[in-house]
Amino acid sequence: MSDYYEPKVLRAAIRKAERPKLFFKSRFFSNAVTFPTETVSFEFQEASRRLAPYVNPHLGAQAMSRDGYEVRDFRPPLVAPMRPITNDTLVQKALGELPYNSGVTPEERAAKIAAQDIIDLQDAILRREEFMCARVKQDGKLIIKGDGVSAVVDYGFTNIITPDAADRWTSSYDILGYLEAQAEELQKNGVNPDMLILGSSAAKALRDNNKFIKLLDNRRVELGEIRPSQLEDGVNYIGRLVTFGAAFDIYSYAEWVPDDMDEGKLKPIIDPETVIMQSSRERNSMLYGAVTLNDESGEFHTYMEEFVPNTWFTRNPPQKFISLSSRPLPMPHDLKSWVVLKGVVTGGV
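Letter 160 of the sequence shown, counting from 1, is numbered 161 in this note's numbering, and no numbers are missing.
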């Protein structure tokens, strides 16, 4: 049974484990890129929209400059949850076991506990990644705080708009016209937005907007439909909205996570008064820096992987530890491919 705790065996268990289906990460940051170093490189490029030049046939072709790109380096934060296995863990019956004479030995229970621990640790990291992706999509930056860790990753995102009082989503406000204007700005950047992701308060404001409901009820002009349905991962499909400049599928995201800034409190993963407008075809990357660990002999090894398991033990008191380490960092490829509307109801978040 002891072989089960070897890191190479645990890595195989990780690859077999089914990962949680997480909306922001799986939909927009599904491309995983691992690096051989702890530092990863961001590459941003703004594609220009040039017209091919007219030329005099006697003068020949005219040169066009290539699009440049910017490279930034950053050391992703280490995410490393850990679980201890003690004698008390092994003698206590597992969930679903018979109270007495279950026929499960402590060694067998240890293997099952280790397998479940790896899944739980991986799920915790994936939820952290989902939270990171959600903050990048809403803020254009990451605030990283932890025990001895404090950093800000600023991607230079500028498409954040806080509507003034005249543009708040009241019951009589022209939400459709406002969304048309924002879609036109994205189209100038070469993006055809077809997706709206709404926080809970923004979704209610849209639902209760008189002009919006009246337009949908116009039998002569088909401007959309409201057809609520629940999808996977807490995502709710609200319906479809058709404007004269764009057509949107509308979603809300009812997922909650622990608040890093206020222990014990839950917060929605998308701010209640936030709206994200973007293309459903947008694809970004999740970058992973290398993880360095030492083995039982003290030798250091560097792993170019998304998740790196490790085990160690103490004799007094007798304990075995299982940890899972990762250095994830979301990387958006085009900083002008989406727009964030904040505080659309009251001006808050």
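Yeah, the Cβ is synthetic: ideal placement off N, Cα and C, and Gly gets one too.
With distances taken from CA atoms, which of Asn237, Thr303, Glu297 is nearest Thr315? Glu297
Measuring alpha carbon to alpha carbon, tell me which of Arg110, Phe75, Asp74 ends up nearest Glu88. Residue identity differs from the one stated: residue 88 is Asn in this sequence, not Glu. Nearest of Arg110, Phe75, Asp74 to Asn88, Cα basis: Arg110.
With C-beta atoms as the reference, is Gln183 less than 8 Å away from Val346? No, the pair does not count as a contact, with Cβ atoms beyond the cut-off.
With Lys146 as the anchor, note down where its beta strand (DSSP E) starts and where it stops. 142-147
Mapping the DSSP letters down to three states, classify Tyr304 as helix, strand or coil. strand
Using DSSP with H/G/I as helix, E/B as strand and the rest coil, what is Trp215? The amino acid at residue 215 is misidentified as Trp; the sequence shows Lys. In this structure, Lys215 counts as helix in the three-state DSSP scheme.
When you compare the segment 195-202 with the segment 274-294, are there three or more beta-carbon pairs, one atom per stretch, that lie closer than 8 Å? yes
So who's on the other strand from Trp257, going by DSSP bridges? Pro269
What are the boundary residues of the alpha helix (DSSP H) that Leu336 is part of? Leu336 -> no alpha helix (DSSP H), and no H or E assigned at all.
Find out if the Cβ-Cβ distance for the pair Gln139, Thr275 is shorter than 8 Å. yes
Any chance the segment 148-159 sits against the segment 169-180, with 3 or more Cβ pairs inside 8 Å? no
Taking the C-alpha atoms as reference points, what is the distance between Ala125 and Lys142? 21 Å
Nonlocal neighbours in the same chain, by C-beta distance under 6 Å from Thr303, ignoring five residues either side: The residues are Ala291, Thr293.
For Leu325, which three-state DSSP category applies? Residue state, collapsed to three classes: strand.
Taking the alpha-carbon positions, what's the Pro331 to Val243 distance? Going from the Cα of Pro331 to the Cα of Val243 covers about 31 Å.
When the Cα atoms are used, what is the spatial distance from Lys321 to Ala116? For the pair Lys321 and Ala116, the Cα-to-Cα distance works out to about 14 Å.
Does Lys215 pass the burial test, meaning 16 or more other C-beta atoms within 10 Å, or should it be called exposed? exposed
Does DSSP put Val72 in a helix, a strand or coil? strand
Are at least three pairs of beta-carbons, each pair with one atom in the segment 305-314 and one in the segment 262-269, less than 8 Å apart? Too few Cβ pairs lie closer than 8 Å, so no.
So what's Lys343 in DSSP terms, helix, strand or just coil? coil
Taking just the CA atoms, how far does Pro58 sit from Asp74? 46 Å
Cα-Cα, which of Asn285, Thr106, Arg76 is closest to Pro37? Arg76
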